[in-house]
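For the sequence shown, position 626 matches number 626 in full-length UniProt numbering, and the numbering has no gaps at all.
Reviewing the structure listed below.
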Amino acid sequence: MEQKKFDLNSFIGLILLGGIVFWWMSTQKPAIEETDNSTQTSVVNSTESSNTNNTLVKETAYQNDSLKQIALKNELGAFAQSAMNATSGVSILENEVVKLTIDNKGGQIKEALVKNYKTYDSLPLYLIKEKNASFNINFGTTDNRILNTKDLFFEPNVTKNGENQIVSMKLKVSETKFLEYRYEMEPDNYMVNFSVRSQGLGNVINSSNPINLDWSLKGFRNEKSIKTENTMYTNFYYKAEDEVDDISAGKSEILNDVDWVAYKQHFFTSNLLSEKPFNNATITSTDLVLNEEIDTVFTKKFELKTPLELSNGELNYNMKWFYGPSDYNLLSSDKYADTDLDQISDLGWGIFGFLNRTIFYPVFNFLKGFLSNYGLIIILMTIVVRIIMSPLVYKSYLSSAKMKVIRPELTALNEKYPGKENAMKRQQETMAIQRKAGVSMMSGCIPALLQMPVFFALFKFFPTNLSLRQESFLWANDLSSYDTVFKLPFSIPFYGDHVSLFPILASVAIFFYMKMNQSQQANMQAPTQEGMPDMSKMMKYMIYFSPIMMLFFFNNYASSLSLYYFISNLLTIAIMLVIKNFVIDEEKIHAKIEENKKRPEKKKSKFRQRIDEAMKQAQEQQAQQKRK
1 MEQKKFDLNS FIGLILLGGI VFWWMSTQKP AIEETDNSTQ TSVVNSTESS NTNNTLVKET
61 AYQNDSLKQI ALKNELGAFA QSAMNATSGV SILENEVVKL TIDNKGGQIK EALVKNYKTY
121 DSLPLYLIKE KNASFNINFG TTDNRILNTK DLFFEPNVTK NGENQIVSMK LKVSETKFLE
181 YRYEMEPDNY MVNFSVRSQG LGNVINSSNP INLDWSLKGF RNEKSIKTEN TMYTNFYYKA
241 EDEVDDISAG KSEILNDVDW VAYKQHFFTS NLLSEKPFNN ATITSTDLVL NEEIDTVFTK
301 KFELKTPLEL SNGELNYNMK WFYGPSDYNL LSSDKYADTD LDQISDLGWG IFGFLNRTIF
361 YPVFNFLKGF LSNYGLIIIL MTIVVRIIMS PLVYKSYLSS AKMKVIRPEL TALNEKYPGK
421 ENAMKRQQET MAIQRKAGVS MMSGCIPALL QMPVFFALFK FFPTNLSLRQ ESFLWANDLS
481 SYDTVFKLPF SIPFYGDHVS LFPILASVAI FFYMKMNQSQ QANMQAPTQE GMPDMSKMMK
541 YMIYFSPIMM LFFFNNYASS LSLYYFISNL LTIAIMLVIK NFVIDEEKIH AKIEENKKRP
601 EKKKSKFRQR IDEAMKQAQE QQAQQKRK
């Protein structure tokens with residue numbers, strides 16, 4: 001209940017008002033009537049009464065101005081007094097997915113609990129708790145005071161509108177004059193309608209001073225791998241001028257036409273959206289992790305500072321809060337379709353994001369409808385991807401087989417045209433043999449290049465897929481983070497203080513895949529020409545270097561990603577063995593190449609003609625230099 005205290009300004013005003021009324025009544029006594037023939041006396045009295053009335057009008061006008069000033073001071077005093085003296089307490093907004101605790105002090109969200117999720121150490125998952133966030137509006141008053149709403153007490157009122165819950169927080173001058181924060185929560189929705197408006201405060205808020213909104217939040221650590229969460233997937237996103245972008249930690253930007261800002265952590269996000277865009281808004285992101293080896297409470301600090309505009313002397317902003325998961329499936333649903341918030345789900349840029357949105361998420365969601373074990377879903381998804389990619393593997397292996405067949409002819413060319421002086425001629429003859437055989441060096445490279453977008457797309461898909469968070473498979477208790485089979489008593493640089501098994505299995509699989517692929521690539525390569533580096537030696541080093549790199553790099557990554565690469569490499573090895581032993585017949589390939597050689601050569605394309613002419617000119621220039 002609001003406490004009533006002695007108000008000196010009001011008391012002085014009452015005394016002045018009482019004095020004016022008493023003086024006015026004493027000067028309005030009727031004149032004493034004389035006899036009918038005393039006309040002169042009546043005229044004199046009438047004249048005196050007229051003079052008195054003129055004086056009273058002037059005095060009353062002066063007193064009315066004084067009263068207006070007193071009333072204004074009383075309003076300002078009442079506004080500040082109400083804000084300072086209201087009682088402490090909280091109001092609750094809660095539905096099936098989120099619980100918000102709103103504090104009377106500041107009228108702001110004191111706690112934001114995301115239901116149905118836990119932290120990495122099985123605690124309730126709060127995005128706001130223990131004063132890690134602050135929402136404040138700073139403004140000046142017409143009596144030269146500076147007020148911060150975060151320091152003032154609001155008066156709460158909890159109501160319902162059908163199934164919607166409403167909490168109204170007001171800073172009151174009177175019942176008709178106030179500043180209001182209004183929260184409205186729908187059932188089963190992470191989005192909460194939030195409005196900031198004032199009523200009747202045109203003579204209280206000083207429009208010549210800037211009105212500033214400040215919102216800051218320090219993100220709690222929620223995931224097991226602080227390095228992965230903070231470095232890779234925690235960021236400050238914003239939508240400005242209809243484009244979604246982000247800023248790096250340690251940077252600050254000034255933006256116009258800002259529709260929303262998102263303090264996005266690995267799997268969860270805190271967002272403020274506004275129907276009226278913010279202009280001249282300053283956003284800042286600060287990294288709070290000084291040492292990843294030390295247990296960390298907060299990851300980053302996010303800040304938004306933006307001026308607010310008055311409309312007809314009043315504040316009127318319709319906004320929304322969103323406290324919940326940064327799940328692509330959720331944010332791309334019809335419920336949030338008009339917000340573009342799905343773009344904060346880090347699926348990769350360009351073709352990588354396109355593949356995730358149009359192929360991998362639909363396939364994953366389809367499999368999720370039939371299976372509850374996410375490890376099996378990953379394995380099935382890997383099988384689907386490898387089957388789709390198998391034509392590329394076949395194309396690459398077929399090109400390798402053709403190169404193997406013509407390799408003796410290419411070796412003979414090296415012997416026929418030895419030395420650097422014959423390099424151009426040797427190259428021309430090599431290309432002629434390959435053309436007749438229907439073989440191109442690019443035919444082996446292109447299938448490998450086409451598989452790279454898939455590799456990088458899935459590199460984003462698995463670590464950011466909320467469905468895998470805290471889902472177990474075999475020895476991995478969280479497919480969205482690294483698996484641990486042994487804890488080291490020390491930390492190895494770039495590796496960590498634990499041993500993960502899935503990266504080891506993936507590294508072994510990639511070693512055998514590269515071993516097989518080396519023999520295939522050896523067939524693809526023409527015999528090493530004089531003066532050229534021997535690529536086979538480099539490949540020998542890569543066979544050992546790549547698995548070791550993968551072992552170190554993936555030890556702290558999502559075990560789902562390592563599981564995918566392990567299964568993927570096993571399937572690729574199996575597909576290569578099937579193609580080699582049951583699909584490709586080298587004798588038939590050789591017979592077909594010999595048949596192609598007998599056919600008249602097709603007319604060269606203009607591009608091929610230009611290449612041949614360029615090589616011929618280079619050969620002639622080389623011969624001229626030799627004569628000199």
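Cβ coordinates follow ideal geometry from the N, Cα and C atoms, glycine included.
Exercise. For Lys301 versus Thr282, is the C-beta spacing smaller than 7 Å?
Worked result: Residue mapping note: residue 301 aligns to position 301 of the sequence shown, counting from 1. Residue mapping note: residue 282 aligns to position 282 of the sequence shown, counting from 1. One thing to note: Lys301 has its Cβ no nearer than 7 Å to the Cβ of Thr282.
Exercise. In angstroms, rounded to a whole number, what distance separates the CA positions of Trp215 and Glu471?
Worked result: Here residue 215 refers to the residue found at position 215 when the sequence shown is read from its first residue. Here residue 471 refers to the residue found at position 471 when the sequence shown is read from its first residue. Rounded to the nearest angstrom, the two C-alpha atoms are 34 Å apart.
For this session: Leaving aside the five residues before and after Ile504 along the sequence, list all residues of the same chain whose C-beta is less than 7 Å from its C-beta, in chain order.
Result: Mapped onto the sequence shown, residue 504 falls at position 504. Excluding sequence neighbours, Ile504 sits near Leu551.
For this session: Mind checking who Pro124 pairs with in its DSSP beta bridge?
Result: Counted from its first residue, the sequence shown places residue 124 at position 124. Answer is Lys118, bridged to Pro124.
Exercise. Where DSSP assigns a beta bridge to Arg197, which residues make up the other side?
Worked result: Here residue 197 is taken as the residue at index 197 of the sequence shown, counted from 1. Glu180 and Asn316.
Exercise. Looking at the structure shown, is Pro463 part of a helix, part of a strand, or coil, going by DSSP?
Worked result: Here residue 463 corresponds to residue number 463 of the sequence shown, with the count starting at 1. Here Pro463 sits in helix by DSSP.
Exercise. Measuring CB to CB, does Leu123 end up less than 7 Å from Val114?
Worked result: Mapped onto the sequence shown, residue 123 falls at position 123. Mapped onto the sequence shown, residue 114 falls at position 114. No, Cβ-Cβ distance for Leu123 and Val114 is not below 7 Å.
For this session: Would you kindly check if the distance between the Cβ of Ile128 and the Cβ of Glu111 is under 7 Å?
Result: As a first step, residue 111 is located in the sequence shown; it is residue number 111 there, counting from the start. As a first step, residue 128 is located in the sequence shown; it is residue number 128 there, counting from the start. Yes, Cβ-Cβ distance for Glu111 and Ile128 is below 7 Å.
Exercise. In chain order, which continuous runs of the beta strand (DSSP E) of length 3 or greater are located wholly inside the stretch 302–357?
Worked result: 314–325
Exercise. If Asn556 sits next to Gly496, beta carbons under 8 Å apart, how far is it from one beta carbon to the other, in whole angstroms?
Worked result: Taking the first residue of the sequence shown as position 1, residue 556 is located at position 556. Taking the first residue of the sequence shown as position 1, residue 496 is located at position 496. At roughly 5 Å, the Cβ-Cβ gap stays under 8 Å, so Asn556 and Gly496 are in contact.
For this session: Give every residue of the same chain whose Cβ lies closer than 7 Å to the Cβ of Gln573, excluding the five residues on either side of it in the sequence, and list them in chain order.
Result: Indexing the sequence shown from 1 puts residue 573 at position 573. Note that residue 573 is Ile in the sequence shown, not Gln. Excluding positions up to five away in sequence, the list reads Phe512, Tyr513 and Met516.
For this session: Taking only the alpha-carbon atoms, compute the straight-line gap between Leu371 and Thr358 and give it to the nearest angstrom.
Result: The sequence position of residue 371 within the sequence shown is 371, counting from 1. The sequence position of residue 358 within the sequence shown is 358, counting from 1. Between Leu371 and Thr358, the C-alpha separation is close to 21 Å.
For this session: Return the chain-ordered list of same chain residues with a C-beta closer than 7 Å to the C-beta of Gly140, the five sequence neighbours on each side being excluded.
Result: Here residue 140 refers to the residue found at position 140 of the sequence shown. The residues are Ile146, Asn206 and Asn209.
For this session: Measure the beta-carbon distance from Ser225 to Tyr482 and round it to whole angstroms, keeping in mind my assumption that it falls under 8 Å.
Result: As a working mapping, residue 225 is identified with position 225 in the sequence shown. As a working mapping, residue 482 is identified with position 482 in the sequence shown. Contact flag correct, Cβ pair sits at about 6 Å.
For this session: Could you work out which residue in Val508, Asn222, Glu180 and Ala476 is closest to Gly375 when comparing CA atoms only?
Result: Numbered from 1 along the sequence shown, position 375 holds the residue referred to as residue 375. Out of Val508, Asn222, Glu180 and Ala476, Ala476 has the C-alpha closest to the C-alpha of Gly375.
Problem set entry | CA nearest to the CA of Asp151, picked from Leu201, Lys177, Arg221 and Gln108 | Along the sequence shown, read from residue 1 onward, the residue named residue 151 stands at position 151. For the options Leu201, Lys177, Arg221 and Gln108, the alpha carbon positioned closest to that of Asp151 is the one of Gln108.
For this session: Work out the CA separation of Pro463 and Val204 for me, nearest whole Å.
Result: Residue mapping note: residue 204 aligns to position 204 of the sequence shown, counting from 1. Residue mapping note: residue 463 aligns to position 463 of the sequence shown, counting from 1. C-alpha of Val204 to C-alpha of Pro463: approximately 52 Å in a straight line.
Exercise. Terminal residues of the continuous beta strand (DSSP E) containing Ile567?
Worked result: Here residue 567 is taken as the residue at index 567 of the sequence shown, counted from 1. It is not in any beta strand (DSSP E) - Ile567 instead sits in the alpha helix (DSSP H) that spans Ser559 to Val578.
Exercise. What separation, rounded to the nearest whole angstrom, lies between the Cα atoms of Ser168 and Asn212?
Worked result: Numbered from its first residue, the sequence shown carries residue 168 at position 168. Numbered from its first residue, the sequence shown carries residue 212 at position 212. When rounded, the distance between both Cα atoms is 21 Å.
For this session: Go to Lys368, then tell me how far its alpha helix (DSSP H) extends in each direction, as first and last residue.
Result: Numbered from 1 along the sequence shown, position 368 holds the residue referred to as residue 368. Element bounds for Lys368: Tyr361 to Lys368.
Exercise. Using a C-beta cutoff of 7 Å, does Glu175 count as contacting chain C?
Worked result: Note that chain C does not occur in the displayed structure, where there is just one protein chain.
For this session: Pull up the DSSP beta-bridge partners for Glu155, would you.
Result: In the sequence shown, the residue the question calls residue 155 occupies position 155. Paired residues: Lys170.
For this session: Could you have a look at Lys264 and say whether DSSP puts it in helix, strand or coil?
Result: As a first step, residue 264 is located in the sequence shown; it is residue number 264 there, counting from the start. Lys264: strand per DSSP, three-state reduction.
Exercise. Below 8 Å, can you find three or more Cβ-Cβ pairs linking the stretch 314–324 to the stretch 288–296?
Worked result: no
Exercise. Can you name the residues that DSSP bridges to Val192?
Worked result: In the sequence shown, residue 192 corresponds to position 192, counting from 1. Per DSSP, Met185 and Trp321.
Exercise. Using CA coordinates, which residue listed in Met185, Thr339 and Thr119 is at the minimum distance from Thr101?
Worked result: Residue 101 sits at position 101 when you count from the first residue of the sequence shown. The residue with the shortest Cα to Cα distance from Thr101 is Met185.
For this session: Could you please give the first and the last residue of the uninterrupted beta strand (DSSP E) stretch that includes Ala281?
Result: Looking up residue 281 in the sequence shown gives position 281. Ala281 to Asp287 is the extent of the beta strand (DSSP E) around Ala281.
For this session: Report the option in Leu217, Asp188, Gln199 and Pro156 whose CA atom is closest to the CA atom of Glu130.
Result: Taking the first residue of the sequence shown as position 1, residue 130 is located at position 130. Nearest option by C-alpha distance: Leu217.
Problem set entry | Neighbourhood of Glu429 by C-beta distance below 6 Å, restricted to the same chain and skipping five residues each side | Taking the sequence shown and counting its residues from 1, the one referred to as residue 429 is at position 429. Answer for Glu429: Leu413, listed in chain order.
Exercise. Does the distance from the C-beta atom of Ser345 to that of Ser326 stay below 7 Å?
Worked result: Here residue 345 is taken as the residue at index 345 of the sequence shown, counted from 1. Here residue 326 is taken as the residue at index 326 of the sequence shown, counted from 1. Closer than 7 Å, so yes.
Problem set entry | Reduced DSSP category for Tyr62 - H, G, I as helix; E, B as strand; rest coil | Position 62 of the sequence shown, counted from the start, is the residue given in the question as residue 62. At Tyr62 the pLDDT is 38, less than 50, meaning the model places this residue with poor confidence; the figure from the coordinates comes in the next sentence. In the three-state reduction of the DSSP assignment, Tyr62 falls in the helix class, which pools H, G and I.
Problem set entry | Reduced DSSP secondary structure (H/G/I, E/B, other) of Glu275 | Locating residue 275 in the sequence shown gives position 275, where the first residue counts as 1. Note: Glu275 maps to strand in three-state DSSP.
Exercise. Given Asn189, which residues of its chain have a CB within under 6 Å of its CB, disregarding the five upstream and five downstream residues?
Worked result: What you label residue 189 is simply residue 189 of the sequence shown in a count that begins at 1. In the same chain as Asn189, and ignoring 5 residues on each side of it, no C-beta atom comes closer than 6 Å to its own.
For this session: Please determine, among Thr269, Ser559, Asn148 and Gln199, the residue with the shortest C-alpha to C-alpha distance to Lys172.
Result: Residue numbering aside, residue 172 sits at position 172 when the sequence shown is read from its first letter. Answer by Cα proximity: Gln199.
For this session: Counting only the same chain and skipping the five closest in sequence on each side, list residues whose C-beta sits under 7 Å from that of Asn235.
Result: Position 235 of the sequence shown, counted from the start, is the residue given in the question as residue 235. Within the same chain, and ignoring the five residues on either side of Asn235 in sequence, the residues whose Cβ sits closer than 7 Å to its Cβ are Asp246 and Lys264.
Problem set entry | Boundaries of the beta strand (DSSP E) in which Glu292 is found, first to last residue | Within the sequence shown, residue 292 is the residue found at index 292, counting from 1. No beta strand (DSSP E) holds Glu292; DSSP gives it neither H nor E.
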